[in-house]
Amino acid sequence: MSRYYVGRNIAIGAAMVLSLSLARAADDLPKADTILDKYVEVTGGKAAYEKHHNEIAKGSFEMAAMGIKGSLTSYRVEPDKSYTETDLGAMGKVREGSDGKVFWQLSAMMGPHLREGSEKAQAQLAGTFNAELRWRDLFKDVKTVGVEKVDGKDCYSVQLTPAEGSPITQCYDKESGLMVKQSMTLQSPMGEQTVNSFATDYRKEGDVLMPHKLKSSVAGQEITITFDSFTFDTDIPADTFAVPDEIKALVKK
Amino acid sequence: MRLSSGAILAAVLCGWSFAQPALTPAERQLNVDSFEQVWKTVRDKHWDPKLNGVDWQAVHDELRPKIEAAASMQEAREVMSDMLHRLKQTHFGIVPGEAYRELNQKDDNGKSNPSDGDPGLDVRLVDGHALVTFVTPDSPAAAKGVKLGWEILRIDGKELAPGMEKVRAALGSAMLAELIETRSVIERMEGPIDKTVEVEFLDGNDRKVTLTLGRTGPRGTETVFGSLPPLHFWVDTHKLQPDIGYVHFNMFFEPEAVEAAMKKIMAECRDCKGFIIDLRGNPGGVGAMAMGLAGWFTRQSGLILGTMYLRSASIKFAVFPRPNPFDGPLAILVDGCSASTSEIFAGGMQDLKRAHVFGAHTAAAALPSMFTKLPNGDGFQYAVANYISEGGKPLEGTGVTPDREVKLTRHQLLEGQDPVLDAAVSWIHGQ
């Protein structure tokens, strides 16, 4: 599920609220554990995930309504290092990452930002490699809360509550077991923003089935991230995850 | 990333004039589709579900037959503009598709090859008179000896005053009127670079002087931002005196260029007594850049310039301090052509008591907006949020009142003085 968060910090704006229809009583529903474990199973199984120790994802970013397009490259290494660079052309680059301890975002447009508190906790969650396998460690509570329709198909709505920060709701297709939607509240100094993201175009990368398109609604804007390629277990230079000097200057001694 | 673009505001309001060929049935249908898109977008995206009290369905029903009957692009644009004007708010407008033509005229370097230009003059209205406030070095106007403070009387034989009075009467709002009137004067001098423009001035000795001026391409480098037409951006930083840093850029675009310029002047001016950010004539751009610029001038985390209110969410314009920011006196220069993101920055820094604002009241046009292309190829700008500055004041319709209002005079301009800048320098030295 961690790949699902790749665009979380790129989106700035307010939320498009989608209605969630809870059609069935909770006790009729499969347990969240079963749904989350099934997701791992249908996307390749634990062994397929564990085979990989790092990942480079490349793709594109688009805010179609405004005609804004860009490219993005994301690097992730187990257990929790990450770096994503989104090139937005005339708007410049947005960089964000973590060395596992310091979580940050940096852009010419807005300056350097050190993530702290619940915002840091969210970033930590997003940066966890193979988080799909580790939901028992990452969330203090998971429960199935209903059935929702996404794209005309029923999906089980699962609420995952992390140790810090607000719950995340993920919807898993009833038939395929694939996660098709995620709703969360982004935390940042700019305020809380509701984000609804839809995952489509599941295809195999190696032995793992992964979504290649994420369409997110935030602040009335639609943002589409399309992944063109995933590369696993290559040499990623260690300094990829180095904390930039502008951020180091903000870290309290 | 929210676009708070007043950059094309004046162009939207002043409009372009182009030859108007007859439309094919397919083109007429595209105009109808565009009309519907504009109407639905405002209905669904306007931050106020009550649409400023306008009966939007009635507006649709009244104007739909007119768009169906529109026999030219100009007529179609007038119908859509009429619809948007009913909202009585800035940052709603239609930009003719012809404005995008530069995008399709690329040279070997991938840049457009602008066919339009200007003589190299900037103008401000002073007591209803259009005075030259800047002459671009090496421009056609500079070559012909045009000086600061000269008044523009006629452009291509047409007297300015009656047209400006007409604009003023149509607009009513004194603050926005200044921005639009100024733009209308400047745009009348713009045109094909292979053609000249005849301008009659009142020179420093109160003599009428008529000069035939050539045109040159816009200053700065071309930038293309989303669905906006191509824009030209420039940034200038230098030490104004041995102890004051000066930053001037024409629009809030190209954040990496602004950041590089800021890094340079910050390094050169680490021990400076003060900084001046000159936003006169700056119509805005990317709203988020206001936060990034503020970060150079505070080390305090958690500051907010203001809040943007959308229909279903709000976004705080948080300031993220840069490493080793400048703590000394900060002066911001504004005028009636400072709009949108310029107002967000100046108003927010004033509210936070981090800056002293000098000059004239701003344009009061500060609605965060988006920009998209319509099926007929035109651009469509629409506001999606209201913006309340940290002091609790909406900037739309009220703007920023300088801490020290400084009025330009023809006499001072003729003397080569810049009274607004002089006031800021004097204030910094007095701190």
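Line by line, the protein sequences are chains A and B.
What the first sequence shows, in this note's numbering, is residues 6 to 258, in sequence order.
What the second sequence shows, in this note's numbering, is residues 718 to 1148, in sequence order.
Idealized CB from N, CA, C, for every residue including glycine.
The alpha helix (DSSP H) enclosing residue i, as first and last residue numbers
i: Gly837(B); result: Segment: none, Gly837(B) is in no alpha helix (DSSP H) and carries neither H nor E.
i: Phe1062(B); result: Thr1058 to Asp1068
i: Arg810(B); result: Strictly speaking, residue 810(B) in this sequence is Gly, with Arg absent from that position. First-last for Gly810(B): Gly810 to Val812, but that is the beta strand (DSSP E), not the alpha helix (DSSP H).
i: Ile784(B); result: Trp773 to Ala786
i: Thr850(B); result: Where Thr850(B) is concerned, there is no enclosing alpha helix (DSSP H), although the beta strand (DSSP E) it sits in stretches over His846 to Val852.
i: Ile982(B); result: Pro972 to Glu985
i: Val45(A); result: Ala37 to Val47
Cross-strand partners of residue i (DSSP beta bridge)
i: Cys176(A); result: Ser162(A) and Lys186(A)
i: Trp116(A); result: Sequence check: residue 116(A) is Gly here, not Trp. Ser112(A), per the DSSP bridge assignment.
i: Val964(B); result: Thr954(B) and Ile994(B)
i: Asn748(B); result: According to DSSP, Asn748(B) bridges with nothing at all.
i: His1073(B); result: Ala1048(B)
i: Gly1023(B); result: Ser1106(B)
Three-state secondary structure assigned by DSSP to residue i
i: Gln958(B); result: strand
i: Gln702(B); result: In this structure chain B extends from 718 to 1148, so residue 702(B) is not present and cannot be described.
i: Pro857(B); result: helix
i: Trp109(A); result: strand
i: Gln1017(B); result: coil
i: Asp995(B); result: strand
i: Gly201(A); result: As written in the sequence, residue 201(A) is Asn, which differs from the Gly given in the question. It is a strand residue.
i: Asp761(B); result: helix
i: Ser123(A); result: helix
i: Met797(B); result: helix
i: Phe942(B); result: coil
i: Ser1143(B); result: helix
i: Gln129(A); result: helix
i: Phe1037(B); result: coil
i: Thr933(B); result: strand
i: Ala62(A); result: strand
i: Ile252(A); result: helix
Cβ of residue i within 8 Å of any chain A Cβ
i: Ser901(B); result: no
i: Glu1107(B); result: no
i: Lys805(B); result: no
i: Pro947(B); result: no
i: Lys981(B); result: no
i: Ala793(B); result: no
i: Pro1092(B); result: no
i: Asp1139(B); result: no
i: Met1066(B); result: no
i: Gly827(B); result: The predicted model places Gly827(B) with a pLDDT of 49, which falls under 50 and marks its position as unreliable, so this point remains unresolved.
i: Phe1037(B); result: yes
i: Lys861(B); result: no
i: Glu971(B); result: yes
CB contact check: residue i to chain B, cutoff 8 Å
i: Ile73(A); result: yes
i: Ala224(A); result: yes
i: Pro249(A); result: no
i: Pro242(A); result: no
i: Leu255(A); result: yes
i: Gln198(A); result: yes
i: His58(A); result: no
i: Ala217(A); result: For clarity, residue 217(A) is His in the given sequence; the question names Ala instead. No, no contact with chain B.
i: Met189(A); result: no
i: Gly116(A); result: yes
Cβ neighbour criterion (16 or more within 10 Å) applied to residue i
i: Lys1090(B); result: buried
i: Glu1052(B); result: Checking the sequence, you will find Asp at residue 1052(B) rather than Glu. Looking at its Cβ environment, which holds 16 or more other Cβ atoms inside 10 Å, Asp1052(B) is buried.
i: Ala254(A); result: exposed
i: Gly1012(B); result: buried
i: Asn201(A); result: buried
i: Lys1033(B); result: buried
i: Thr741(B); result: exposed
i: Pro766(B); result: exposed
i: Ser751(B); result: buried
i: Pro117(A); result: buried
i: Lys154(A); result: exposed
i: Val256(A); result: exposed
i: His965(B); result: buried
i: Ala20(A); result: Confidence at Ala20(A) is low in this model, with a pLDDT of 27, below 50, so its placement is unreliable and no value can be given for it.
i: Pro249(A); result: exposed
For residue i, the first and last residue of its enclosing beta strand (DSSP E)
i: Arg81(A); result: Ile73 to Val82
i: Asp92(A); result: Lys86 to Asp92
i: Arg100(A); result: Lys98 to Ser103
i: Glu153(A); result: Phe144 to Val155
i: Asp233(A); result: Gln226 to Phe237
Proximity test, residue i beta-carbon vs the ligand FMN heavy atom, cut-off 7 Å
i: Arg208(A); result: Among the components of this structure there are no ligands whatsoever, and the ligand FMN is therefore not found.
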